[in-house]
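Novice: I have a structure here, written as structure tokens, and I will follow up with some questions on it.
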Amino acid sequence: MPHDPTTLQDWKPTLMAALGLVMVSALAWYILSHLNEATAGDTVGSVATIGLAIWLFSQTWYYMTQVRSPQRQLLLMGISFIQVVPFLFAAVYGSYGYFDLCVAGARGPADVLYFSYVTFTTVGFGDLRPVGMCRALAVAEAITGYILLGLFVAAAVGLYGRTHRQNQRR
Numbered sequence: 015m016p017h018d019p020t021t022l023q024d025w026k027p028t029l030m031a032a033l034g035l036v037m038v039s040a041l042a043w044y045i046l047s048h049l050n051e052a053t054a055g056d057t058v059g060s061v062a063t064i065g066l067a068i069w070l071f072s073q074t075w076y077y078m079t080q081v082r083s084p085q086r087q088l089l090l091m092g093i094s095f096i097q098v099v100p101f102l103f104a105a106v107y108g109s110y111g112y113f114d115l116c117v118a119g120a121r122g123p124a125d126v127l128y129f130s131y132v133t134f135t136t137v138g139f140g141d142l143r144p145v146g147m148c149r150a151l152a153v154a155e156a157i158t159g160y161i162l163l164g165l166f167v168a169a170a171v172g173l174y175g176r177t178h179r180q181n182q183r184r
């Protein structure tokens, strides 16, 4: 895989990885946030939380150590920032169940997805609030948002600096 992708063929593995991230996160959100109240709860929520933590650490390690191209890092970080991480956190919130078991005021999948985006971006409107174990998850999501945004900005600045230096040499 070349360091600097220039053709569609060079980008194909990265685009496939990004598509896979989007599809897996959307599927996880759909399945876990549509569990019936008898299935959802602390056990399913705890397993989903552990799975989310493993996924976050593995993806962060992968982006920081294995993806050498700044263009690829920027694309994958952007996809993660916009869709993947908030959808996965919403899946975990939904796996705990509704009716104030995890997010007070949430009545369905759309509510936990909204809460996830508001928390991830640290906007915090206050109309929905986490309760119980989900309070710790909300803190983890906010911190993840800060870290991911920092990595995204670092990749963008690195790419700009590298491109700017190359243009000055010409």
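Read in the numbering used here, the sequence shown has 30 at position 16, and its numbers run on one by one without any break.
Beta carbons: idealized from backbone N, C-alpha and C, even for Gly.
Determine the closest residue to T63 out of T177, T74 and L46, with distance taken between C-alpha atoms.
Specialist: L46
Novice: Cα-Cα, which of R183, V167, R176 and H178 is closest to L90?
Specialist: V167
Novice: Do A154 and L127 come within 8 Å of each other at the CB atom, strictly closer than that value?
Specialist: no
Novice: Quick one: any contact between the segment 18-33 and the segment 81-99, if contact means 3 or more CB pairs under 8 Å?
Specialist: yes
Novice: Quick one, are the C-beta atoms of P144 and V117 less than 8 Å apart?
Specialist: yes
Novice: Taking just the CA atoms, how far does M78 sit from A52?
Specialist: 40 Å
Novice: DSSP has A118 in a bridge; who is on the other side?
Specialist: Per DSSP, the beta-bridge partners of A118 are R143.
Novice: Could you check which residue in V58, V61, F113 and A31 has the C-alpha nearest to that of V81?
Specialist: A31
Novice: Given a threshold of 16 other Cβ atoms within 10 Å of its Cβ, counted over all protein chains shown, does F113 qualify as buried or as exposed?
Specialist: exposed
Novice: Compare the beta carbon distance of I35 and I96 with 8 Å and say whether it is the shorter of the two.
Specialist: In the sequence as presented, Ile is not what sits at residue 35; that position holds Leu. No; because the gap between Cβ atoms is not below 8 Å, this pair is not in contact.
Novice: Between the segment 121-139 and the segment 69-77, do at least 3 Cβ pairs fall closer than 8 Å?
Specialist: no
Novice: Could I get the ranges of all uninterrupted alpha helix (DSSP H) runs contained in the segment 32-84, with 4 residues as the minimum, in chain order?
Specialist: Scanning the segment 32-84 from its first residue to its last, the whole alpha helix (DSSP H) runs of 4-plus residues come out as 56-79.
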